[in-house]
Amino acid sequence: MKTDAISKVVLSFDKFFSNTFILVLMVFLTTNEISGQEFYPQRIQNGVELSTFFSKLKALQTDKKGKINIVHVGDSHIQGDVMTAVTRDNLQQYFGNGGRGLVFPYSLAHTNGASDVRFSSNIKWNNYKNILPLNDSPVGICGFSLTSTSKSLRLSLQVKNKEDYFTTLKIITPNNATLFEQVGDIEKKVTVKTVPKKVVHTIKKGESLSTIADKYNISVAQLKKENKLTNTKITAGKTLKIPTDQTTEKSMVRTQYHANPLEKAANYHFCTSDKAMDRFVILPNKEESLYALNGIVLENNEPGVLYHNIGVNGAKYSDYNKHPLFFEQLNALQPDLIIVSLGTNESYGKIAPLVYLKQVQEFLLKVRTQQPNVDVLIITPPPSYLAHHKLNTFVDEYAKILVNYATLGHYAVWDLFQTLGGMHDVNKMYGKGLMSPDRVHYTTNGYQLQGNMLSNMLMTTFKEFNK
Numbered sequence: 001m002k003t004d005a006i007s008k009v010v011l012s013f014d015k016f017f018s019n020t021f022i023l024v025l026m027v028f029l030t031t032n033e034i035s036g037q038e039f040y041p042q043r044i045q046n047g048v049e050l051s052t053f054f055s056k057l058k059a060l061q062t063d064k065k066g067k068i069n070i071v072h073v074g075d076s077h078i079q080g081d082v083m084t085a086v087t088r089d090n091l092q093q094y095f096g097n098g099g100r101g102l103v104f105p106y107s108l109a110h111t112n113g114a115s116d117v118r119f120s121s122n123i124k125w126n127n128y129k130n131i132l133p134l135n136d137s138p139v140g141i142c143g144f145s146l147t148s149t150s151k152s153l154r155l156s157l158q159v160k161n162k163e164d165y166f167t168t169l170k171i172i173t174p175n176n177a178t179l180f181e182q183v184g185d186i187e188k189k190v191t192v193k194t195v196p197k198k199v200v201h202t203i204k205k206g207e208s209l210s211t212i213a214d215k216y217n218i219s220v221a222q223l224k225k226e227n228k229l230t231n232t233k234i235t236a237g238k239t240l241k242i243p244t245d246q247t248t249e250k251s252m253v254r255t256q257y258h259a260n261p262l263e264k265a266a267n268y269h270f271c272t273s274d275k276a277m278d279r280f281v282i283l284p285n286k287e288e289s290l291y292a293l294n295g296i297v298l299e300n301n302e303p304g305v306l307y308h309n310i311g312v313n314g315a316k317y318s319d320y321n322k323h324p325l326f327f328e329q330l331n332a333l334q335p336d337l338i339i340v341s342l343g344t345n346e347s348y349g350k351i352a353p354l355v356y357l358k359q360v361q362e363f364l365l366k367v368r369t370q371q372p373n374v375d376v377l378i379i380t381p382p383p384s385y386l387a388h389h390k391l392n393t394f395v396d397e398y399a400k401i402l403v404n405y406a407t408l409g410h411y412a413v414w415d416l417f418q419t420l421g422g423m424h425d426v427n428k429m430y431g432k433g434l435m436s437p438d439r440v441h442y443t444t445n446g447y448q449l450q451g452n453m454l455s456n457m458l459m460t461t462f463k464e465f466n467k
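Residue numbers (full-length UniProt numbering): 1 to 467.
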């Protein structure tokens, strides 16, 4: 147990702002660079910081009880859930599937997301994300806010894969406000209405407006007005609407949803079912006036791993750091391990390595203020190019500083940058079909490779822990 985690991080965070600490850190980095410090891409470094997590994982493996929560935070590399889906599947195959985990209606926020859960709604939602300037939007655990004032809103979700069916659904809202309810009884009412009868005539060869008008006992003027014709020219094969006083009966089905309240826990609202569900409908609590959704968690009754992916396109450490609600809502997930994959967007902003480290420290401090004993694994940003295919030396420096600061920062680190060949292997990865033409993002194969590598790194370190 890292009972002194917060004090240690606070100490290092405070020291960071002193010239003495910066000078010592710069000397430390320079000394290691001169001595030719080795990288170990085949393993997680400073793995001792994962001891608590591995102890829980071992207990799960032995006792077949409980759930392990892994939270993976990142940017566009994580939002699409390609890399993380592979890691999730691999770990759940070995340790058990505890559920799909955290999901968010990215499609309703007009952005990309995981493809294994579908969302739909009868209204248009307002959305905001953490990379935008601060305002009063309640941006939370997923890095987004989704809000509406509609008291008739309906939000539906459906999972595609049977292994993701759920028996527990948790809803995360700002300050755990009771904003939503679940669908109870669904009532369908059928009403019969009298509506004008629609008559359509298909024009035959040789017909004219006058012959068609005579056939239906109407005038040519009526026929032209109904079809907005300016002359009498017509074409065989086309259709004409025929004005008529005739009526017909039409059945109208109106669906009425009756809401039932959700149960309230300390950090979320939830409902449970004895039977596994593949879909769910959320309704508003009509006593409220503003509805805000931050995330939904899907769990089953089985012991195993829950792997929650959280990503925002374009995000940096500083974007998460400026939203206290994000860190507060970590309590809804109760993470046993937090994995962080950030740095690519900092490099595009050409943020200095020491400023980058300051943001990392602030992130760790805020995480451990909410979750003092959580283990942390930081993944160095993968190799990429800057604009115009220029070498990205910033991610190289970020990787070095993350590796060198790991012991002082009390986190484990996996050097993905070196594992993938470093700065000079970008074109090689592109040639192998692992990177996109922009040399920043990776292809599906590239992300799946990283997902397999991450699960392998975790399993290798876990086995070493149990020797």
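Cβ coordinates follow ideal geometry from the N, Cα and C atoms, glycine included.
Straight across, the Cα-Cα distance linking Gln370 with Lys467 is about 32 Å. Under the 8 Å Cβ criterion, the stretch 161-176 counts as touching the stretch 261-273, having at least three qualifying pairs.
In this structure, Asn321 sits away from Ser76, with a CB-CB distance that is not shorter than 8 Å. It is roughly 35 Å from the alpha-carbon of Val367 to the alpha-carbon of Tyr430. Counting the other Cβ atoms within 10 Å of the Cβ of Pro324 gives fewer than 16, which makes it exposed.
In this chain, the alpha helix (DSSP H) harbouring Pro353 covers Pro353 to Gln370.
Non-local C-beta neighbours of Tyr348 in its own chain, meaning closer than 6 Å and more than five positions away in sequence, are absent. Annotated three-state conformation of Glu302 is coil, per DSSP.
Between the stretch 204-219 and the stretch 227-244, the count of Cβ pairs shorter than 8 Å is three or higher; the stretches touch. Taking the C-beta atoms as reference points, Gly311 is found no nearer than 8 Å to Leu364. DSSP places Arg88 within a helical segment (H, G or I) once states are collapsed to three.
When secondary structure is reduced to three states using DSSP, Ile339 falls in the strand class.
For Ala114, the closest of Gly96, Tyr128, Gln61 and Met83 by C-alpha to C-alpha distance is Met83. With 16 or more neighbouring CB atoms inside 10 Å of its own CB, Asp415 falls in the buried class. The Cβ neighbour count for His308, taken over all protein chains shown within 10 Å, is at least 16; the residue is labelled buried. In this structure Pro383 is in contact with Val426, their Cβ atoms being roughly 5 Å apart against a cut-off of 8 Å. In the three-state reduction of the DSSP assignment, Thr248 falls in the strand class. With fewer than 16 other CB atoms across the displayed protein chains lying within 10 angstroms of its CB, Gln93 is exposed. Between the alpha carbons of Thr460 and Ile70 lies a gap of roughly 17 Å. Taking a contact as a CB-CB distance under 8 Å, the pair Ala332 and Phe166 does not count as one, their CB atoms being some 16 Å apart. Between Val360 and Asp396, the alpha-carbon positions lie close to 16 Å from each other. The beta carbon of Leu290 sits closer than 7 Å to the beta carbons of Thr147 and Thr149 from its chain, once the five residues preceding and following it are set aside; these are given in chain order. Judged by beta-carbon spacing, Lys215 lies beyond the 8 Å limit of Glu226, meaning their Cβ atoms are not closer than that value.
Between Ile78 and Ser341 the beta-carbon gap is near 6 Å, inside 8 Å, which marks them as a contact. Beta-bridge partners assigned by DSSP to Ser120: Ser156.
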